[in-house]
Amino acid sequence: MKSVVDILDLSVSEVDELLDTAMDIIENPAKYAEVCRGKKLATLFFEPSTRTRLSFEAAMYELGGNVIGFSSASSTSASKGESVADTAKVISCYADIIAMRHPKEGAPFVASKNASIPVINAGDGGHHHPTQTLADLLTIKREKGHFSGLTVGFCGDLKFGRTVHSLITALCRYENINFVMISPDELKLPGYVKNEIPQGRGFTYTETTDLEAVMPTLDILYMTRVQQERFTDIDEYLRLRDAYILNPEKLATAKKDMIILHPLPRVNEISVAVDADPRACYFKQVQNGKYMRMALILKLLNDVKCGKTEDKEQGDVYLYDFKCDNPRCITTTEQELRQVFRVVSPENRICRCVYCDTKKNY
Amino acid sequence: MKSVVDILDLSVSEVDELLDTAMDIIENPAKYAEVCRGKKLATLFFEPSTRTRLSFEAAMYELGGNVIGFSSASSTSASKGESVADTAKVISCYADIIAMRHPKEGAPFVASKNASIPVINAGDGGHHHPTQTLADLLTIKREKGHFSGLTVGFCGDLKFGRTVHSLITALCRYENINFVMISPDELKLPGYVKNEIPQGRGFTYTETTDLEAVMPTLDILYMTRVQQERFTDIDEYLRLRDAYILNPEKLATAKKDMIILHPLPRVNEISVAVDADPRACYFKQVQNGKYMRMALILKLLNDVKCGKTEDKEQGDVYLYDFKCDNPRCITTTEQELRQVFRVVSPENRICRCVYCDTKKNY
Amino acid sequence: MKSVVDILDLSVSEVDELLDTAMDIIENPAKYAEVCRGKKLATLFFEPSTRTRLSFEAAMYELGGNVIGFSSASSTSASKGESVADTAKVISCYADIIAMRHPKEGAPFVASKNASIPVINAGDGGHHHPTQTLADLLTIKREKGHFSGLTVGFCGDLKFGRTVHSLITALCRYENINFVMISPDELKLPGYVKNEIPQGRGFTYTETTDLEAVMPTLDILYMTRVQQERFTDIDEYLRLRDAYILNPEKLATAKKDMIILHPLPRVNEISVAVDADPRACYFKQVQNGKYMRMALILKLLNDVKCGKTEDKEQGDVYLYDFKCDNPRCITTTEQELRQVFRVVSPENRICRCVYCDTKKNY
Numbered sequence: 002m003k004s005v006v007d008i009l010d011l012s013v014s015e016v017d018e019l020l021d022t023a024m025d026i027i028e029n030p031a032k033y034a035e036v037c038r039g040k041k042l043a044t045l046f047f048e049p050s051t052r053t054r055l056s057f058e059a060a061m062y063e064l065g066g067n068v069i070g071f072s073s074a075s076s077t078s079a080s081k082g083e084s085v086a087d088t089a090k091v092i093s094c095y096a097d098i099i100a101m102r103h104p105k106e107g108a109p110f111v112a113s114k115n116a117s118i119p120v121i122n123a124g125d126g127g128h129h130h131p132t133q134t135l136a137d138l139l140t141i142k143r144e145k146g147h148f149s150g151l152t153v154g155f156c157g158d159l160k161f162g163r164t165v166h167s168l169i170t171a172l173c174r175y176e177n178i179n180f181v182m183i184s185p186d187e188l189k190l191p192g193y194v195k196n197e198i199p200q201g202r203g204f205t206y207t208e209t210t211d212l213e214a215v216m217p218t219l220d221i222l223y224m225t226r227v228q229q230e231r232f233t234d235i236d237e238y239l240r241l242r243d244a245y246i247l248n249p250e251k252l253a254t255a256k257k258d259m260i261i262l263h264p265l266p267r268v269n270e271i272s273v274a275v276d277a278d279p280r281a282c283y284f285k286q287v288q289n290g291k292y293m294r295m296a297l298i299l300k301l302l303n304d305v306k307c308g309k310t311e312d313k314e315q316g317d318v319y320l321y322d323f324k325c326d327n328p329r330c331i332t333t334t335e336q337e338l339r340q341v342f343r344v345v346s347p348e349n350r351i352c353r354c355v356y357c358d359t360k361k362n363y
Numbered sequence: 002m003k004s005v006v007d008i009l010d011l012s013v014s015e016v017d018e019l020l021d022t023a024m025d026i027i028e029n030p031a032k033y034a035e036v037c038r039g040k041k042l043a044t045l046f047f048e049p050s051t052r053t054r055l056s057f058e059a060a061m062y063e064l065g066g067n068v069i070g071f072s073s074a075s076s077t078s079a080s081k082g083e084s085v086a087d088t089a090k091v092i093s094c095y096a097d098i099i100a101m102r103h104p105k106e107g108a109p110f111v112a113s114k115n116a117s118i119p120v121i122n123a124g125d126g127g128h129h130h131p132t133q134t135l136a137d138l139l140t141i142k143r144e145k146g147h148f149s150g151l152t153v154g155f156c157g158d159l160k161f162g163r164t165v166h167s168l169i170t171a172l173c174r175y176e177n178i179n180f181v182m183i184s185p186d187e188l189k190l191p192g193y194v195k196n197e198i199p200q201g202r203g204f205t206y207t208e209t210t211d212l213e214a215v216m217p218t219l220d221i222l223y224m225t226r227v228q229q230e231r232f233t234d235i236d237e238y239l240r241l242r243d244a245y246i247l248n249p250e251k252l253a254t255a256k257k258d259m260i261i262l263h264p265l266p267r268v269n270e271i272s273v274a275v276d277a278d279p280r281a282c283y284f285k286q287v288q289n290g291k292y293m294r295m296a297l298i299l300k301l302l303n304d305v306k307c308g309k310t311e312d313k314e315q316g317d318v319y320l321y322d323f324k325c326d327n328p329r330c331i332t333t334t335e336q337e338l339r340q341v342f343r344v345v346s347p348e349n350r351i352c353r354c355v356y357c358d359t360k361k362n363y
Numbered sequence: 002m003k004s005v006v007d008i009l010d011l012s013v014s015e016v017d018e019l020l021d022t023a024m025d026i027i028e029n030p031a032k033y034a035e036v037c038r039g040k041k042l043a044t045l046f047f048e049p050s051t052r053t054r055l056s057f058e059a060a061m062y063e064l065g066g067n068v069i070g071f072s073s074a075s076s077t078s079a080s081k082g083e084s085v086a087d088t089a090k091v092i093s094c095y096a097d098i099i100a101m102r103h104p105k106e107g108a109p110f111v112a113s114k115n116a117s118i119p120v121i122n123a124g125d126g127g128h129h130h131p132t133q134t135l136a137d138l139l140t141i142k143r144e145k146g147h148f149s150g151l152t153v154g155f156c157g158d159l160k161f162g163r164t165v166h167s168l169i170t171a172l173c174r175y176e177n178i179n180f181v182m183i184s185p186d187e188l189k190l191p192g193y194v195k196n197e198i199p200q201g202r203g204f205t206y207t208e209t210t211d212l213e214a215v216m217p218t219l220d221i222l223y224m225t226r227v228q229q230e231r232f233t234d235i236d237e238y239l240r241l242r243d244a245y246i247l248n249p250e251k252l253a254t255a256k257k258d259m260i261i262l263h264p265l266p267r268v269n270e271i272s273v274a275v276d277a278d279p280r281a282c283y284f285k286q287v288q289n290g291k292y293m294r295m296a297l298i299l300k301l302l303n304d305v306k307c308g309k310t311e312d313k314e315q316g317d318v319y320l321y322d323f324k325c326d327n328p329r330c331i332t333t334t335e336q337e338l339r340q341v342f343r344v345v346s347p348e349n350r351i352c353r354c355v356y357c358d359t360k361k362n363y
């Protein structure tokens, strides 16, 4: 049973296949209108996320399938203390595929190990959100035609923005990409993400605090929100805030064919006045997200039909003697769940929690 | 893109066309069972209204379509600060038509200006609720055959009852109707609604506090709830309450073919004992509401298919320099939304907020 | 209009017919995939119960029908004071069949008396939950082939466990069954349930506090949760708790073909380590619950099509002069609902509330 918890659960060729399927869906929607007739998607949203939930539901309906589920934990058996593992087993009796959102990091991974149907991670805390990344990739592909040779700026909160981390991870599997990181010092990209960027293969990496200075160089500008609560110093926040709000003035020096991305919802980090600019592609991302979710649902259900099973990672070393320190890890709440760490760097004695990826020295 | 925010967004001939379609749906349901196959209705209910929501959903399913949406704001991105405009743009990527309920007056209007799909107002605060009025009209049409020549009594809270205001507005476009307003002085019909009633064309208008006195004259009795919270003097409330509760005794003097309407839910303003009376039509209203919503969804989707666009109001004068005083107006919460007023009476220097219709002197 | 509020609303031959239909659905799902095309199930859940709700929804979709509804009271008109009776009448305009969950005992009965469509009780407080019992029966039938001659152990909280009471009631209509009740003294089966067990027809009845002592004799072990809040003495709770937690060690002496049932959700009363045991059938119960709900929906809709009406109970004597003492009875909240008691034992002057079955001496 193949599930997608992390964007890296999909190989580059699988991502390319999904992009191709999505393009074909866009060209020939009628061809796909009944392909999931009789199939059911379960949207298990343990915290609200209307946009993502409705995107999955629209995707399933456009494939001819049906949807069951819930939109917040308050209306679930979780309040009666049911484990994620049991929920996954029960829902496997009702549906053909699961899209799960959960505030605990690693919850969809636990579900994927217990369900007898495919599980798609629709966001687990600050951890993974692979279908947002698929939406970003399709938008770049459709607007730019390719990933290679682009100068990609990420602006705003690069420290906590999981969509930024995940898109960088995904782009690092291609080549010749110039990353430009634009953020206040407080919100710089974490070292462990930066370390993923290949040395060589045409990758470059620049950091700056000045959006306007780098604007003319960018092919893509990926905006994120600078949240007040990230700052200890309110004056510092107020000083910085305006520098990272995108408006028509700041766009004056941008390339004519630059594209502006944003994972939404936005609050005020992109002025409404920018929406009319043809370079604004954030509502196209929404549309593309639906198409990529259609492609992903279709692929996973087809894999089931063909009897394809999960690719086993071979040669990995696991450790079981530690407790994960991440308070948002699913291991802190799920009953009878064994702690498991995968050794990622034996020479440095570093392992990572298999659920939430938090690093641990051993 | 045609949307229906106010009952007046539909011309008399469009209302008549909807009534005809609804009658045909009732006669030939099978003919319509698949007409919306592959289409999606989004029910965006920013406050709960189970009856209205389920009516829209049942309507869409009986047309062969599907439904996505949410039933209360707590499970939406609105809690993350997303604007109504952005929500409308996003949902346009997922659905073919929107039914929106919102506590802020004018919110569906804002949605209609930003969506690329038709928007139906399913109730915005105390402002508009056009599909309830359509349900009322079909019930009168089916039970009475016509609108002309009827004596229509409205009883209870005529001050705040938006369904009363809206039905009066709709009926004023026909002719020869006798309005009888039955209410305590505290809850009389507001002047701005009364002023809509034509002088001439066979209209008459009477006010009374005495339900039993006028009962024998009525062809239609439209009941509403007298809510305790509308009164400052509790003794006054207790004294009046029973006078406006409909029971079999009060019905003794009514015409044999009078019909009793109520927008529901009722609490105690109509005794359960009345339900068995053949004149009780409030559950028929529920049924008719579903049929009119089917007719409206169908019409708006057909308008899209035919490329019909919104009728432009010509010659209107707009002002932009004021702030709307209505605390329930969408302009109080929606970001980057410009205040706009339409001049309705240049001689008296009166304009109205285009969102919530609140009057302003300029 | 036939409704199912209590498992006893179905005759033994009707239950057998449902079991046969469910078996046929399992064998030939494609045969049923479109039988409810155009029909709508309304899931009216006045309190959350995700598992039961999703089971009904999955059932309806697998029959080709659609679903409308709500998952908690907070998003309903009930908060505006609408009665269960009015809700039932309104929903009858929107759907073809209702599944209702309600915290008040007797609410689905009130709905069934006011709806013009069939009502299925999906759980009313601590009162009835007939579709769980149907799930239990199908699981026993599929795993054991028959009900006669079995030794059935019920373990845990037998005092408050309504699923236990209901399954005993259902099994008492067959013959040759040995009941073994395993519980702490505080949580023994109530006398009124025990009294239902026939004297003769091959029934035996044993009580014990010792699970391990009786384990080797059981064909079926029905586990329930021992909740801390049932105990006044916390030390007593802690002393007893472990004795009623099922784990692989305790299963060592059980028959090789014993089956383990549990209504779910479980918390810790069955160790996760038991899940891998082939005798663990509680997730099969989930699957079977969906099939029995399919069979029941189908039967009730077919009864409507054939014009079958409710079987009238003849010869019953009713009393109207008392007030029900049960604070969870629907009569405590539903407006204008007459108190009705059915005489069940004239010689002992005992009657029962027709809504919640609470006993009253007259």
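Those sequence lines, one after another, are chains H, F and Y. At position 73 of the first sequence the residue is numbered 74 (our numbering), and the sequence of numbers has no breaks. At position 45 of the second sequence the residue is numbered 46 (our numbering), and the sequence of numbers has no breaks. At position 187 of the third sequence the residue is numbered 188 (our numbering), and the sequence of numbers has no breaks. Note that CB positions come from ideal geometry on N, CA and C, so glycine has one too.
Alpha-carbon spacing of residue i relative to residue j, whole angstroms
{"i": "R280 (chain Y)", "j": "I271 (chain Y)", "result": "13 Å"}
{"i": "L55 (chain F)", "j": "R240 (chain H)", "result": "49 Å"}
{"i": "C330 (chain Y)", "j": "C354 (chain Y)", "result": "9 Å"}
{"i": "A74 (chain F)", "j": "T332 (chain Y)", "result": "32 Å"}
{"i": "D186 (chain Y)", "j": "T210 (chain Y)", "result": "7 Å"}
{"i": "T44 (chain Y)", "j": "E213 (chain Y)", "result": "41 Å"}
{"i": "I298 (chain Y)", "j": "F232 (chain H)", "result": "56 Å"}
{"i": "G157 (chain F)", "j": "D220 (chain F)", "result": "17 Å"}
{"i": "D317 (chain Y)", "j": "G65 (chain Y)", "result": "40 Å"}
{"i": "L20 (chain Y)", "j": "V344 (chain H)", "result": "52 Å"}
Boundaries of the beta strand (DSSP E) in which residue i is found, first to last residue
{"i": "T210 (chain H)", "result": "It is not in any beta strand (DSSP E) - T210 (chain H) carries neither H nor E in the DSSP assignment."}
{"i": "T111 (chain Y)", "result": "Going by the sequence as given, residue 111 (chain Y) is Val instead of Thr. No beta strand (DSSP E) contains V111 (chain Y), which is instead part of the alpha helix (DSSP H) from 108–115."}
{"i": "L42 (chain Y)", "result": "41–46"}
{"i": "I69 (chain F)", "result": "67–71"}
{"i": "V181 (chain H)", "result": "179–183"}
As assigned by DSSP and simplified to three states, the class of residue i
{"i": "A89 (chain H)", "result": "helix"}
{"i": "T218 (chain Y)", "result": "helix"}
{"i": "T205 (chain H)", "result": "strand"}
{"i": "K32 (chain Y)", "result": "helix"}
{"i": "D125 (chain F)", "result": "strand"}
{"i": "V1 (chain Y)", "result": "The displayed coordinates of chain Y run from 2 to 363. Any statement about residue 1 (chain Y) would go beyond what the structure contains."}
Residue i - containing alpha helix (DSSP H), residue span
{"i": "V153 (chain Y)", "result": "Premise fails: V153 (chain Y) lies in the beta strand (DSSP E), 152–156, not in any alpha helix (DSSP H)."}
{"i": "T53 (chain Y)", "result": "51–63"}
{"i": "H166 (chain H)", "result": "163–172"}
{"i": "K195 (chain H)", "result": "192–195"}
{"i": "A136 (chain Y)", "result": "131–145"}
Which residue spans inside the region 232–316 of chain F form an unbroken beta strand (DSSP E) run of at least 3? If we require 3 residues or more, the beta strand (DSSP E) runs fully inside the region 232–316 of chain F come out as 260–262.
Quick one: which residues of the region 34–50 of chain F get their C-beta closer than 8 Å to a C-beta of chain H? List them in chain order. G39, K41, A43
According to a CB-to-CB cut-off of less than 7 Å, which residues of the region 240–254 of chain Y neighbour chain H? none
What are the residues in the region 57–73 of chain Y lying within 8 Å of chain F by C-beta distance? N67, I69, G70, F71
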